[in-house]
Structure formats: C-alpha cells, structure tokens
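Q: Numbering (the working numbering), first residue to last: 23 to 347. Glycine included, each C-beta is placed from N, C-alpha and C at the ideal position.
1) In chain order, which continuous runs of the beta strand (DSSP E) of length 3 or greater are located wholly inside the segment 276-325?
2) DSSP has residue 180 in a bridge; who is on the other side?
3) Does DSSP put residue 150 in a helix, a strand or coil?
4) Around the C-beta of residue 169, are 16 or more other C-beta atoms found within 10 angstroms, so that it is buried, or is it exposed?
5) For residue 260, count the other beta carbons within 10 Å of its own beta carbon; 16 or more makes it buried, fewer makes it exposed. Which is it?
6) Quick one: Cα of residue 167 to Cα of residue 104, how far?
7) Looking only at DSSP bridge pairs, what is residue 27 linked to?
8) Just to confirm the assignment, what range does the beta strand (DSSP E) spanning residue 40 have?
9) Between the segment 306-322 and the segment 270-284, do three or more beta carbon pairs fall short of 8 Å?
10) My guess is that residue 349 and residue 203 are in contact by the Cβ rule of under 8 Å, so how many angstroms apart are they, rounded?
11) Pick out whichever of 115, 192, 42 has its Cα sitting closest to the Cα of residue 14.
12) Counting pairs of Cβ atoms below 8 Å between the segment 65-84 and the segment 251-267, do you hit three or more?
13) Which residues mark the beginning and the end of the alpha helix (DSSP H) in which residue 169 is found?
14) To the nearest angstrom, report how far apart residue 230 and residue 63 are at their CA atoms.
15) Specify, as a first and last residue, the run of the beta strand (DSSP E) that residue 142 falls within.
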C-alpha cells in the first residue's frame, strides 16, 4: 500500500503542496486532476523521491520513499515514473529502449517480455526503428512500455497520453489500464484529460493550489460535484439559481448543471435566446443567453438560428440531487 501522510512542499517560501494525505491499495488506480499549476506534477515528483518534502512522509508498505536529502539517485526497484520528458535513448532502437533494464542472462524471457509490451503499445512494426526517427506520440508509447518492462509494483504517470493521436489514444488507454489491473500494479496518473479518468480510475483526487479539494469515485465526483471548480474540470458547466428551475422554491441557492442535463422543451421552462451553435460531432453545443448578464450552455441535436427562443428544463431528480450536494 502507498501511504502519504501530511505531505507539504515549499519552494522559495511559496507552498506548492499543502498537507496532502492519502492511501492507495495494491492494484488501485488513482487519478489526479486540477488546473495547470495546481501541483499535479510536483506531487508525482515527491512520490518518486525527485523532490524533498518540506514536511510529511511517503511509504510503500514498510519501505519509506526518501527524497534527495537522503538518497542521491531517486527511485526504487518497485516503483517507476513516466515524466513528460520520456527519458528515452534516441540513438538506439525501440526494442533496445524497452528492454534496457531486463537481464541479458535470460535472452528468451527478454525477447518475450519486449514483444509483449510492444504489442500492447501497438509498436511491434517499429521494433528495429531508432527512437529519434519516431513521432512524439510514438516516443511516448515507447516510454510507457519502458517503465513497465520490469513489472513495477507501482507506477506514476504524468500526462501519459498527451502526445498521442486520438485514433491511437483510446485503444492504448484500454490496453494499458486493463494490463495494470490484470497485473495488480498500483497506478497514480496526473492528467487534465477526463478520458484518462472517468472510465479507468478507482478514485479521483482533485487538486487546487496544492490542496486536495475532493477525493471520490469518478462517477460520484462527476454526478455530485461539490463546487464549480470541480465540475469545470470535466467540461462546460452552468450555475443556475434554483428559483428559476422551481419557481415555488424558497431556497436562495444555485446548482451546477452540465449542458447535457438541460432538456429542450416546447413551451415551458427556462426561456433562453440562442447566440451561437458549435458542432461537436455527436451533437451541437448551444451558447445562449439566460438574461442580460448570464450565459447558458446546452446540448442539442441540431443548430439553432441566432436569437431563437428556446425553453429548457432540468430533470427533477437532478435538481433534488444537486440541492442535497
């Protein structure tokens, strides 16, 4: 189990990570999300031992993770870290990069392990290609295979799919996270892409200004966001006064509503005026005006003409659930 207790990190009198505590069981998948500069990458560097905590402790089972004040070379045999820099050898082949840390005394095992990982990242055809000739996305896939080669007990991934084309990204996510679950490898992922999070994480940790704002199952976090910051990390969100949704309501409170949760009605509900329509592939995102000052976003199966009057509603169960939140 990974155990992080009261972790704090400061740089030049500026506190970047503030009193973070959490645990991760063997085989668990925790995703870290938050706006740029919230401390996601810094937290991973602390977990790996690249940075020295100002306060607090990190351990994996009975093994403490020591920072540079106590250990010259960061890292442990049971832990691997994939940074955004990839850390590959550019002038040797893909297969040599992947197998670098595997024992040459067991050539058959080395060969089989390398082939297994290249198949998983869909790079078998490039086994003999020098890394410097690959695209950024291909290099990132090689870097993923490289950190997995020695079958670590825990892996830290910093934006692991940021350079990979969408056509490859979806299958690679499935291959990687299914592999990690099968092998019971604990995984901590820092990402801004909700596709890396919602389908695969056991828990999602929301960071803001170096502090944990929430830590929940992804479905719970998405369906019951505690604040607009958390909801906005999953995309567009509206803040709508309850009095506009339920005219008889006495609560002076607003609730968070995703564009997909607004239902188009023929002649009753919130009256809005369309400003713009944006094609999103499976639907249109409609930008409208709720009143003179408040914009509102909702999904629709087709575009609307500017200044078109539209009525919107929200399901009663959604309203009641958000009121409780």
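A: In terms of the structure at hand:
1) 276-279, 284-287, 292-301, 306-311, 317-322
2) Position 158 of the chain shown holds residue 180. In the DSSP output, where bridge partners are listed per residue, residue 180 has 212.
3) Taking the chain shown and counting its residues from 1, the one referred to as residue 150 is at position 128. Looking at residue 150 - three-state DSSP - the assignment turns out to be coil, as it is neither helix nor strand.
4) Within the chain shown, numbered from 1, the residue matching residue 169 stands at position 147. Residue 169 comes out buried.
5) As a first step, residue 260 must be located in the chain shown, where it is residue number 238. Residue 260 should be labelled buried.
6) Taking the first residue of the chain shown as 1, we reach residue 167 at position 145. Taking the first residue of the chain shown as 1, we reach residue 104 at position 82. When rounded, the distance between both Cα atoms is 10 Å.
7) The count along the chain shown starts at 1 and reaches residue 27 at position 5. Note: residue 27 sits in a beta bridge opposite 79.
8) Along the chain shown, read from residue 1 onward, the residue named residue 40 stands at position 18. Counting along the chain, the beta strand (DSSP E) containing residue 40 begins and ends at 36-46.
9) yes
10) Because the chain is modelled from 23 through 347, residue 349 falls outside the range shown and cannot be assessed.
11) Since the first residue shown for the chain is 23 and the last is 347, residue 14 is missing from the structure and cannot be characterised.
12) no
13) In the chain shown, residue 169 corresponds to position 147, counting from 1. Counting along the chain, the alpha helix (DSSP H) containing residue 169 begins and ends at 158-170.
14) As a working note, residue 230 is residue 208 in the chain shown. As a working note, residue 63 is residue 41 in the chain shown. Their backbone Cα atoms lie some 13 Å apart in a straight line.
15) By one-based count along the chain shown, residue 142 stands at place 120. Taken as a continuous stretch (DSSP letters only), residue 142 belongs to no beta strand (DSSP E), being part of the alpha helix (DSSP H) at 129-142.
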